[in-house]
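Engineer: This is the structure I have questions about; it appears just below.
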């Protein structure tokens, strides 16, 4: 195969410089200039209903919280899950160990225990279950979406949950049947704790094998496991948890498209879960499969700096994902200690730092961005059509009737002329700001 045509451009032409060209110097465009923004909103054109924000729970996060005084722990749960705080409606829950567990663990540690006679969630009862119950004490309507980072190590070719060699599930009937039972028992065990799992994704990042707990699946194998093992197991035991396809990324390929090409699989799952993916992927699937539902399962982790520009990027990412159709947006580590490093050695951001040295809570820049959302978008809101040439926008109509448009003003102070169903309002936007405008 040969490249037929190509233009080689200078190294000085980067994505950043191209974006600068895209979003500046538009004074020559009719009806647009750099000092005025036109925003068009049509409330009769509606899209998905918003289900809420989520935040991930981890052993390392709860361990840090437990080193703080009780009043500080209470403050944390109120700040994240109450309507006076961020009002998170969902928790993201790992099934067994994530990369922010104290070590690699599953609920079936006895090798070749196909009957799951030794299945137990006792490990989760130490840190994870108390965290969720404390959150639900603040928000009784809190819901859970869950996904494994890895099956039990003995079910994998490598024999261990973490590590980059042979990080695949064993494609053997006994193993696949046992794994379906494992997932069913997990949901039932959490129900026994009074904690319903509303949505389950079979694998976190099915394309990934890493040093921390992971498992790689080929799309054909992934679909086959769902249809031949998970579906009959859950149906036989009347499990009502919704199965969502994923979690998918587009970093390594289009696994989502390959899986959803299977009609039976597509009809079985209730929706499709994405993280680290281009929103265009969701839009493509919406065209291919009208009515497909989407959710977002993990925000960009960054590396523990918790900077303002990273927080602004969170704002941009949410607008892009919701504009593409997601109904849940999930932040990764809600809380970490002042040493925000995983058990496998990499730092990540968090909404809140539980400083175990000063025994204080530090609210990071991401928290401030999510507070803007919390104050202006309610669960049950409906996204409505909005458009501006000079700024990405998102408009929602809340259950209480309020209409809010979100945008980021990349330039200096300027006016925004907003058309709402043909009626106009003008507001002055602060320079270089992220904004929520109640109309």
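Residue numbers (the working numbering): 290 to 728.
Even glycine gets a Cβ: it sits at the ideal position worked out from N, Cα and C.
Can you tell me the Cα-Cα spacing of residue 657 and residue 552, whole angstroms?
Structural biologist: Computed Cα separation, rounded: 42 Å.
Engineer: Assign residue 334 to one of three DSSP states: helix, strand, or coil.
Structural biologist: If DSSP states are grouped into helix, strand and coil, residue 334 belongs with the strands.
Engineer: Considering just the uninterrupted stretch of the alpha helix (DSSP H) at residue 602, what are its terminal residues?
Structural biologist: Looking at the DSSP string, the run of the alpha helix (DSSP H) that includes residue 602 is 597–612.
Engineer: Looking only at its own chain, which residues have a Cβ that is under 7 Å from the Cβ of residue 487, when we skip the five neighbours before and after it?
Structural biologist: The answer, listed in chain order, is 432, 433, 434, 530, 531.
Engineer: Does the Cβ of residue 584 have 16 or more other Cβ atoms within 10 Å, making it buried, or fewer, making it exposed?
Structural biologist: With 16 or more other Cβ atoms within 10 Å, it is buried.
Engineer: Since residue 548 is in the alpha helix (DSSP H), which residue starts that stretch and which ends it?
Structural biologist: 544–549 is the extent of the alpha helix (DSSP H) around residue 548.
Engineer: In this structure, does DSSP put residue 434 in helix, strand or coil?
Structural biologist: Residue state, collapsed to three classes: strand.
Engineer: Look up residue 398 in the DSSP assignment and say whether it is helix, strand or coil.
Structural biologist: Residue 398 falls in the coil class under three-state DSSP.
Engineer: Helix, strand or coil: which one does DSSP assign to residue 695?
Structural biologist: In this structure, residue 695 counts as strand in the three-state DSSP scheme.
Engineer: Helix or strand or just coil, what does DSSP make of residue 707?
Structural biologist: If DSSP states are grouped into helix, strand and coil, residue 707 belongs with the strands.
Engineer: If you pair each beta-carbon of the stretch 415–430 with each one of the stretch 461–470, do three or more pairs fall below 8 Å?
Structural biologist: Because the criterion of three Cβ pairs below 8 Å is not met, the stretch 415–430 and the stretch 461–470 do not touch.
Engineer: Does DSSP put residue 458 in a helix, in a strand, or in coil?
Structural biologist: DSSP places residue 458 in strand when its eight states are reduced to three.
Engineer: Could you compute how far the alpha carbon of residue 440 sits from the alpha carbon of residue 633?
Structural biologist: For residue 440 and residue 633, the distance between alpha carbons rounds to 18 Å.
Engineer: Nearest CA to the CA of residue 703: which residue from 716, 290, 557?
Structural biologist: Nearest of 716, 290, 557 to residue 703, Cα basis: 716.
Engineer: Assuming residue 675 contacts residue 694 (C-beta within less than 8 Å), just tell me the rounded distance between them.
Structural biologist: Indeed, because the Cβ distance is near 6 Å, the residues count as touching under 8 Å.
Engineer: Please go through the same chain and pick out, in chain order, the residues whose beta-carbon is closer than 6 Å to the beta-carbon of residue 348, but skip the five residues on each side of it.
Structural biologist: Result list for residue 348: 390, 391, 416, in chain order.
Engineer: Using DSSP bridges, identify the partner residues of residue 619.
Structural biologist: According to DSSP, which records beta bridges pairwise, residue 619 is partnered with 343.
Engineer: Let me confirm a value: residue 638 is counted as buried when at least 16 other C-beta atoms fall within 10 Å, else exposed. Which label applies?
Structural biologist: Answer is buried; the Cβ neighbour count reaches 16.
Engineer: DSSP beta-bridge partners for residue 718?
Structural biologist: Residue 718 pairs with 703.
Engineer: If you draw a straight line from the C-alpha of residue 665 to the C-alpha of residue 359, how long is it?
Structural biologist: Cα to Cα, residue 665 sits roughly 30 Å from residue 359.
Engineer: Where residue 473 and residue 528 are concerned, what is the direct C-alpha to C-alpha distance, given to the nearest angstrom?
Structural biologist: Rounded to whole angstroms, residue 473 to residue 528 spans 7 Å at the Cα level.
Engineer: Among the residues of its own chain, which have a CB less than 8 Å from the CB of residue 484, if the five just before and after it don't count?
Structural biologist: Cβ within range, chain order: 418, 421, 422, 425, 433.
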